[in-house]
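The structure appears right after this line, and notes come after that.
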Amino acid sequence: MSKINLDTHFNDPIKEWTARKHLLITRYVVPAAMMMKSIRGKREVALIDGFAGPNSYDGEVKGSTVIMVEAAKNVIEKGASATVYACEEDSDRYKVLTTVLADAIRDGILIAYNSKHHAKVGEIQKSMGSKPAIVFLDPQCPSELTLAGDLKPWTERKSTDILGVFMGGGACRACAQGVLNGQDKEKMEASLGENWRTATTLEAAYEVYESAIGPLKRHFGLYRLRKQEPKTDAYGIFGLSDSPNAMALLSDAVAKDWGVLMQIDASKTTPSLFDFLPEELGEQDSFTSLLEFSRPILKTQRQIKGRELAHAIFAGENGKKAFGQYQWSDYTKAANHVRDEFEKEMAVSN
Ligand SMILES: C[S@@+](CC[C@H](N)C(=O)[O-])C[C@H]1O[C@@H](n2cnc3c(N)ncnc32)[C@H](O)[C@@H]1O
1 MSKINLDTHF NDPIKEWTAR KHLLITRYVV PAAMMMKSIR GKREVALIDG FAGPNSYDGE
61 VKGSTVIMVE AAKNVIEKGA SATVYACEED SDRYKVLTTV LADAIRDGIL IAYNSKHHAK
121 VGEIQKSMGS KPAIVFLDPQ CPSELTLAGD LKPWTERKST DILGVFMGGG ACRACAQGVL
181 NGQDKEKMEA SLGENWRTAT TLEAAYEVYE SAIGPLKRHF GLYRLRKQEP KTDAYGIFGL
241 SDSPNAMALL SDAVAKDWGV LMQIDASKTT PSLFDFLPEE LGEQDSFTSL LEFSRPILKT
301 QRQIKGRELA HAIFAGENGK KAFGQYQWSD YTKAANHVRD EFEKEMAVSN
């Protein structure tokens, strides 16, 4: 997206899918920050917004850094410490960011950099010491987020959970162009890995990205979100963590998404992903939904145990709301069944 287009994006009232993204971040980052501070036993946490944006849409103060600052304030209220680090390379957007969040900067909650994220990773990590961290990486186009410069410094760090955004459509357009005219080879390889050339369809773009980043942490999941138009991929949200708890948070945040759509037709507002499915997919039964929902986890964690998978799917309220209240042994049985079905599919496709 050109600067002019992107400026329009921030000058216009917030779009439906951007609002969904913000709700999803809120649902992941706020509880994750709280968990980080208590579970890892260190009463401190760092929150990093690698691609911050101006945090203002048509003058309305909204955005990922605002959400992280709120999450930090929650943690601070509980007597622990929290710091947010934000990078924004564009000077105009940086100026807006530092204006709308001037109080947080003054209070020492936010440290903002007018810089590319990868150029500041080292400095940020030095300043954070060994604090557990939650990192949000939200580039405007796939090539802005590089594997070596933006992702690996975080995936290689302990006690660090990553939430990121990937646009399959943008990746496959860029790849198709790159393949045709031989340009952008380095850029595409830097962001998609060595198989970038095959990412010329939406499906393949997701697969290529999954295979490039999935192995970087023990747990990985990538969920595709949709725009208002049915079945149009807007972008994927991915999570990387050493802990299955983070994956449970992510799947719960995604499941909740359908209830928070700012839909044009308010009668279509539904409380969970699975309540929404019958409307859109008609005959789809809940087992198929469960399989669909588990697929991002199963694709990259082929060794996952039924119990861990059950935890990732059902631990949050929405899993229970969608599939009903059962004993943990039943959830585990269902998760094992889903995993077996997935393995059967894989055997057929090989
Ligand atoms: C999708 S927007 C961010 C939106 C924001 N995260 C939100 O949810 O409100 C991406 C932003 O990243 C900035 N940007 C692009 N490349 C960057 C880089 N390498 N490092 C830091 N910021 C970058 C762009 O100027 C743009 O403002």
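In our numbering, the protein residues as written are 1 to 350.
By construction, the Cβ of each residue, glycine as well, lies at the ideal position given by its N, Cα and C atoms.
### Near ligand 1: C87 beta-carbon under 7 Å from a heavy atom
C87: yes, Cβ under 7 Å from ligand 1.
### Message
Tell me the DSSP secondary structure of D184 in three-state form.
### Response
Annotated three-state conformation of D184 is coil, per DSSP.
### Task
To the nearest angstrom, report how far apart T69 and E343 are at their CA atoms.
Inspection of the sequence shows that residue 69 is occupied by Val rather than by Thr. Near 42 Å, if we compare the C-alpha coordinates of E343 and V69.
### Query
What is the DSSP secondary structure of E343, reduced to helix, strand or coil?
In the displayed model, E343 falls within a helix according to three-state DSSP.
### Query
How many angstroms separate the CA atom of W258 from the CA atom of T18?
Unreliable positioning characterises W258 in this predicted model, as indicated by a pLDDT of 49, which lies under 50. The coordinate reading is nonetheless provided below. Roughly 14 Å between the two C-alpha positions.
### Task
Please classify G193: does DSSP put it in a helix, a strand, or coil?
Residue state, collapsed to three classes: coil.
### G306, enclosing alpha helix (DSSP H) - first and last residue
G306 -> alpha helix (DSSP H) spans G306 to F314.
### Query
Shortest alpha-carbon distance to W328 belongs to which of R307, D161 and E317?
The shortest Cα separation from W328 among R307, D161 and E317 belongs to R307.
### Query
Run through DSSP, which three-state label would T83 get?
Correct three-state label for T83: strand.
### Query
Buried or exposed: where does E229 fall if 16 or more other Cβ atoms within 10 Å of its Cβ makes it buried?
Confidence at E229 is low in this model, with a pLDDT of 48, below 50, so the placement of that residue is unreliable and no value is reported for it.
### Task
Using 7 Å as the cut-off, classify the Cβ of A52 as near or not near the heavy atoms of ligand 1, replying yes or no.
Checking every heavy atom of ligand 1 against the Cβ of A52, one is found closer than 7 Å.
### G108 - DSSP class collapsed to helix/strand/coil
In the structure shown, G108 adopts coil according to DSSP, grouped into three states.
### Task
Please name the residue in G59, E89, G164 and L192 whose C-alpha comes closest to that of S143.
From the listed residues G59, E89, G164 and L192, the smallest Cα separation to S143 is found for L192.
### Message
Going by beta-carbon coordinates alone, are I313 and S251 separated by less than 8 Å?
### Response
Yes. Within cutoff.
#### Entry: Separation of R218 from E210, as counted between CA atoms
Put simply, the backbone Cα of E210 is about 13 Å away from that of R218.
### Touch test, the region 156-172 against the region 196-216, Cβ-Cβ under 8 Å, three pairs minimum
Of all C-beta pairs linking the region 156-172 to the region 196-216, three or more are shorter than 8 Å, placing the two stretches in contact.
### Query
Less than 8 Å separating the beta-carbons of D150 and G50?
Contact flag set, yes.
### Query
Which residue's Cα is closest to the Cα of K73: K62, P54 and A46?
Per the Cα distances, A46.
#### Entry: For L101, three-class secondary structure by DSSP
Coil, per DSSP.
### Task
Run the proximity test for K116: is its beta-carbon closer than 7 Å to any non-hydrogen atom belonging to ligand 1?
Under cutoff, so the answer is yes.
### Message
Report the CB separation of I76 from V29 in whole angstroms; it is logged as a contact under 8 Å.
### Response
Between I76 and V29 a beta carbon distance of about 15 Å is seen, past the 8 Å cut, so the two are scored as non-contacting.
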